[in-house]
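FYI, the working numbering numbers position 27 of the sequence shown as 29, with every residue one higher than the one before it.
Notes follow once the structure below has been shown.
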Amino acid sequence: MWPPPFNPEQVGGVGIQNFCLNRHEGYVNGLFLDWSVRKVGLKELWTLNWYTEFNRAGRWTKAGGVQPQDWPKWMQRFQDY
């Protein structure tokens, strides 16, 4: 699951790209199954437990070796996770 190559203006794409929208300066609002709500960093989306087999240490995380310059230009300034 790759990050969107440009800042999307509307929901589209597949998987995490549906949620990777810069609505709040590098964050989105997240509602979790325990009914908690918190801001979630756009790059943090790749570390969440989306489903049982989701690799939370995948290529787009610090644990997976991503470097800030690997992200699309519009996302490079956001916090790393």
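From the three backbone atoms N, C-alpha and C, an ideal C-beta is built for every residue, glycine too.
- Apart from the 5 residues on each side of it in sequence, Y83 sits with its Cβ closer than 8 Å to the Cβ of G43, K45, E46, W48, T49, T63 and K64 in its chain, given in chain order.
- As far as DSSP is concerned, Y53 takes part in no beta bridge.
- Counted as a single uninterrupted DSSP element, the beta strand (DSSP E) harbouring G43 occupies residues V39 to G43.
- Here P7 is exposed: its Cβ has fewer than 16 other Cβ atoms, across all protein chains shown, within 10 Å.
- Straight-line measurement puts the Cα of W37 at about 31 Å from the Cα of P74.
- If you draw a straight line from the Cα of F21 to the Cα of G67, it comes to about 22 Å.
- Pairing N31 with K41 gives a Cβ-Cβ distance under 8 Å.
- Listed in chain order, the non-local C-beta contacts of G60 below 6 Å within the same chain comprise G66, local neighbours out to five positions each way being set aside.
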